[in-house]
Every structure is written in C-alpha cells, then in structure tokens.
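*Asks:* I am attaching a structure below and will ask some questions about it afterwards.
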Amino acid sequence: MMRYPVATALLVCFVASAVPKSHAASTSVAKAVKSTLTNDATKNVRSPWWQSDFDVSIDEFPDPDVSWCSSAEAPTNDTDTTSQRPHLEGVKTYLLPSDANDGSFKSYPYVISPSSDDQKTLAFLSSFMEQNRGWINEKILQYGAVLFRGFDVVTAKDVERAVLSFEPDLSDVYRGTSPRHSQGGSRFVFSAAEVPVHYPIAQHCEMSFLKEVPPKLFFSALRVSSQPGGETALTDFRQVYRDLPDDLRQKLQMKKLRYTRTHTKDGISFTHDVAAMLSWPEMFRTDNKTRVEELSALEGMPVRWEGPNEDTFVSEFETEAFQLHPETGEPVWFNHIQVFHWTSFTAELFGAFRRTGDIRYLGRAVMIGIHSLIKYGMMGQRMALHVSFGDGEVISISEAHHIRKAVHQNTVYNRWLRGDIVAIDNLSTAHGRSPTYDSGRNVVVAWTALVPKRDAMAKMHLTADMV
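Per mature numbering (1 follows the signal peptide of the UniProt record, and there is no 0), the sequence shown runs over residues -24 to -1, 1 to 443.
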C-alpha cells in the first residue's frame, strides 16, 4: 500500500477515528436525563453532561426510557462520603449518561441542579458555590468534571459572577494556541476558541505543553448549537495513559517531547492549522518584541525571531509527555500530540462524519488529508505548534494512531443546555470540540491562575508499574 501514499494516509486517519454513534443517540441521553431529574431522591451516579444542540429546558425532554442503563449506573440516593460536609438544600445531584465512541453510554460528570424554580437564580447558584467550595472541589477531583445545570445563567458576566464566587483566583493570562477574547464586558470570561465552528478541536488539557497551566477550567454555553455536533467532549487522560501501548509509553518516558511554536505578527486567516491563526501580539497583548522577550523569559519560554523582517516568533523547548496529578499522584497523559500531529485534523473530521453522518465532514477530511500529506508528510513543513520526540525524531503515523485510539475510546459526548457551567479538573480531564455548522454556537471559558507544573515533574521517575 505504500505505493499509494495518499490512500494509505487517509485510510490510517480513518481507522484512527473512533467509531462514533449517530446523532439519534442524543434522544436516549435526553430521556435518561429526565429520568434522573424526575426521581424525588437526591442522585449520585456518574454521567456526562454538557452538550445540547437544542435550546430546551429540562422539562421539555421526552418521557424517559432507561432500559439501557445498567444497575451500576442507575440513579441512587447520594450518601456523601467526602470530608467537607455539604449544604445541599435546594439542589439535586446525579450523574449524567453520556454517549461514548464505541456506542455505549458512560457516566462521567457529576451534575448539580436546582430542585425547584426558587433555586434557579444566579444569586442562589453563586451562594451555593461559595458555601460548598470544599465539597465541590472534592467532586471535581473525584469525577474530573462537575456540571451546574438548570440555573439562570445568561451572559458572560453571569458566568463570571458564579465562577468568582467559587474560585476567586481567576486569570486573564493565556498562552495557548486558539485565538480568544474577553466576552460581554467581563475580565475573566473569554471566547472558547475563535476558529470556525466546523473545525474540530481534538481532546487536550489546556496549555499542557507549557511550564505553567491552569488547574481548573469553567466552560459555559450561552447559546447552543441547533444542528448536530458542537459538543464539548470530555476525556479521562489518566485512563488514556494506562491504555497506551507499553512500548510507546516507555519511548515517550525516555525521549520526552520537543515543541516548536511559530507565530507570525499578523496570524494566518485561511488555514486549518488552528495555532497558526494566533499572532504573537494577540498571545502576549503587545507588539513590542522586547516586552515579548521579557514575558517569555519570566515564563521559561526561549525565544528567537525568524523571517525576512525578524518578526516571526519561534520558541523551542522540551517537556515531559506525562504528568503526575498533584492531588492523587496518578500518572496523566499531558501533552498535545493528538492535537498537533499533522494527521489529527483529518482524523477528527472523519470522526465527525461517522458521528453525524454529515457528508461535508467527509469531503473536508479527504481534501485536507491530501493537502496535509503533501505539505507535512512529503514536503516536511512543520505546523505552527510542531511536536516531536525530544531528540527530534518524528512521531510516526502509526504512533499518532495509537494515541488517538486511546483518546477516543475514553471520550464521552453530551449536548449542551443553555446556561450550563461545567467545572473541569484540567490536570486529569481533557476537553475538545466537536464541529458543527451552526455558527451561532457560543461557548465561553474561564480558568484559574496559572501554576507551575508539579515540582516533582522535572525529576519525575515513573515506577516500572506506572510505565
């Protein structure tokens, strides 16, 4: 087959895509949600939460049919075992059934909803989050994500008010790869990603390739997609680490990773390389090269300037592929290989086609697959965020395939409801974006202050059992 490189590359990308379910699965999830909500008892079951393409209220879901739900996942009374005694008056808690790539349903985020209309107000939500900060943090650590659903959250300032009541130490410093700007007059709430909504964004932990990362993220849906897609999928990156082939995990542990970031002064508009859209003046909020060098030095990011006018920002650095979770000590897959390998965009488009059946994703996958093969696979050009093994060895198509396979088999999807806020443990749980052709989708994000990766990471020695 190597005599036909285009066909080979596209086939590999296709196989690398998980086997997503059709859009019809959302109906079963919706029914299950109503079933959990109409149970009078407080619930405690693990399930995902966040995507709804439709602006509907909880009461508008069809009658429940939970025949698919196993006894282990069925709603149960919530007997709390955390060290922080919660004040749960006025709320229901449960776990939300989510749609997995293998056609099954899995439980993922822990959901907190008002028990009556009196508790839907933003004031109640903010007060509840402030009073139960310790307990909520324990749930985020336990489940990877906690969803606040059914409250009156309408604007970016509403999101900011609620999140600040829970986490006062938010940040507006962003050194990631997606263009984003603050929203609705807020300081800490930003657009999630200012790239075309029909572009998929692969699963990742925010800023995982940098020396400093935000421990928590807070996404909120101010307007949901009216068409298939648009979910903010979640992935347990602890399980991804465990599911990697042993030889690949050991190779990554030994060689580490090398990142090369390249950002032009003006950014590039017409490209499927999302990181190339972000200009360095946007990233650093200044067009002063000296100031950029000062900020980069403070953040441990080496800088050089390239191009005819020496105005192209380039930074190359080495880091670990894994992270030890600072609270649990568990090893976590903590890098951006699955986002910025040159085959990934095509693979994600194939996945969107298989989930939604929308032929437009298939057409784009074929066109971009051919373009990527020529540009990156044959001509050797690098993406705006290029990742390789630490010694410069290229990550092969086969290795990228195994990584995506581990990611996809641990990813769950659920549709946003308008006003949802989801708090994510960014040190264990990845997020991504399923593409949609509804350009009105509006999801915003806030994040906690950046902190250095666990100090032990620099001298991280994973035991033989871990590796």
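Glycine is no exception: its CB is placed at the ideal position from the N, C-alpha and C atoms.
All of these numbers come straight from a predicted model, not from anything done at the bench.
What does DSSP give as the partner residues of L210 in its beta bridges?
*Replies:* Paired residues: V388, H407.
*Asks:* Do you know offhand how far N264's Cα is from S291's?
*Replies:* Those two C-alpha atoms are separated by around 16 Å.
*Asks:* Hey, how far is the Cα of R22 from the Cα of L300?
*Replies:* Low confidence applies here, because R22 scores a pLDDT of 34, under 50, leaving its location unreliable; read the following figure in that light. Taking the straight line joining both Cα atoms gives about 24 Å.
*Asks:* Applying the criterion that 16 or more other CB atoms from any shown protein chain within 10 Å of the CB defines a buried residue, is I379 buried or exposed?
*Replies:* Buried, since its Cβ has 16 or more Cβ neighbours within 10 Å.
*Asks:* Tell me which same chain residues have a C-beta within less than 6 Å of the C-beta of D128, skipping the five on either side of it?
*Replies:* Taken in chain order, the residues that qualify are K96, T97, L98.
*Asks:* Please report how far the alpha carbon of F100 lies from the alpha carbon of Q107, in whole angstroms.
*Replies:* Taking the straight line from one Cα to the other gives about 10 Å.
*Asks:* Output the boundary residues of the alpha helix (DSSP H) element that contains R225.
*Replies:* It spans 222 to 231 - the alpha helix (DSSP H) in which R225 sits, taken as one unbroken run.
*Asks:* Applying the 10 Å Cβ sphere with the 16-neighbour rule, what's the burial state of residue 503?
*Replies:* A query on residue 503 cannot be resolved here, the shown segment of the chain reaching from -24 to 443 and no further.
*Asks:* For the 8 Å Cβ check, are there 3 or more pairs between the region 169 to 185 and the region 316 to 327?
*Replies:* Result yes; three or more Cβ-Cβ pairs closer than 8 Å.
*Asks:* How far does the alpha helix (DSSP H) with R331 in it extend, from its first residue to its last?
*Replies:* From DSSP, the alpha helix (DSSP H) with R331 extends over 320 to 332.
*Asks:* Kindly list the residues whose CB is nearer than 7 Å to the CB of G161, restricted to its own chain and excluding five residues on each side of it in sequence; keep chain order.
*Replies:* Within the same chain, G161 has close Cβ partners K133.
*Asks:* Helix, strand or coil: how does DSSP classify E292 here?
*Replies:* Residue state, collapsed to three classes: strand.
*Asks:* Going by DSSP, name the residue or residues bridged to H239.
*Replies:* According to DSSP, which records beta bridges pairwise, H239 is partnered with F289.
*Asks:* Out of V173, V189, T211, which one is the CA nearest neighbour of S202?
*Replies:* Out of V173, V189, T211, V173 has the C-alpha closest to the C-alpha of S202.
*Asks:* With DSSP run on the structure shown, which of helix, strand or coil describes A273?
*Replies:* Helix at A273.
*Asks:* Classify S147 as helix, strand or coil using the three-state DSSP reduction.
*Replies:* Of the three classes helix, strand and coil, the one that applies to S147 here is strand, per DSSP.
*Asks:* Is it a yes or a no for the region 177 to 197 touching the region 219 to 232, going by three-plus beta-carbon pairs under 8 Å?
*Replies:* No: fewer than three Cβ pairs fall under 8 Å.
*Asks:* Are V87 and L426 close, meaning C-beta to C-beta below 8 Å?
*Replies:* It is not a contact, given that the beta carbons lie outside the stated cut-off.
*Asks:* Spell out the partners DSSP gives A121 in its beta bridges.
*Replies:* Answer is I400, bridged to A121.
*Asks:* Looking only at its chain, what residues have a beta carbon closer than 6 Å to the beta carbon of G276, apart from the 5 residues adjacent to it on each side?
*Replies:* Hits under 6 Å: K187.
*Asks:* Per DSSP, what kind of secondary structure is K82 in: helix, strand or coil?
*Replies:* It is a strand residue.
*Asks:* Would you call the CB atoms of L193 and D396 closer than 8 Å?
*Replies:* For L193 and D396, no; Cβs fall outside 8 Å.
*Asks:* Which residue comes first and which comes last in the beta strand (DSSP E) that contains L361?
*Replies:* 361 to 365 is the span of the beta strand (DSSP E), which, as asked, contains L361.
*Asks:* Run the CB neighbour count on Q357, radius 10 Å, all protein chains shown included, and call it buried at 16 or more, exposed below.
*Replies:* With fewer than 16 other Cβ atoms within 10 Å, it is exposed.
*Asks:* Would you call the region 357 to 377 and the region 310 to 319 in contact, with 3 or more CB pairs under 8 Å?
*Replies:* Cβ pair count under 8 Å is three or more, so yes.
*Asks:* Counting along the chain, where does the beta strand (DSSP E) carrying S196 start and finish?
*Replies:* Element bounds for S196: 192 to 199.
*Asks:* Assuming L98 is part of the alpha helix (DSSP H), what are its boundary residues?
*Replies:* That run of the alpha helix (DSSP H) goes 98 to 107.
*Asks:* Should the region 134 to 143 be called in touch with the region 411 to 419, which here means at least 3 C-beta pairs below 8 Å?
*Replies:* Segments in contact, no.
*Asks:* Kindly indicate which three-state DSSP category I177 falls into: helix, strand or coil?
*Replies:* In this structure, I177 counts as strand in the three-state DSSP scheme.
*Asks:* What is the DSSP secondary structure of L140, reduced to helix, strand or coil?
*Replies:* Note: L140 maps to helix in three-state DSSP.
*Asks:* Whole angstroms is fine: what's the gap from T266's alpha carbon to I346's?
*Replies:* If you take the alpha carbons of T266 and I346, they lie about 40 Å apart.
*Asks:* I need the boundaries of the alpha helix (DSSP H) containing S348, first residue and last residue.
*Replies:* First-last of the alpha helix (DSSP H) with S348: 335 to 348.
*Asks:* Could you check which residue in F289, N285, A251, V250 has the C-alpha nearest to that of V268?
*Replies:* Ranking the options by Cα distance to V268, first place goes to F289.
*Asks:* Tell me whether N311 sits in a helix, a strand or coil according to DSSP, three-state version.
*Replies:* Three-state result, N311: coil.
*Asks:* Alpha carbon to alpha carbon, how far is S320 from A76? Give it in angstroms, no decimals.
*Replies:* If I take the Cα positions, the gap works out to 19 Å.
*Asks:* Starting from residue 492 and walking both ways along the alpha helix (DSSP H), at which residues does that stretch end?
*Replies:* Outside the modelled stretch of the chain, which goes from -24 to 443, sits residue 492, for which no answer is possible.
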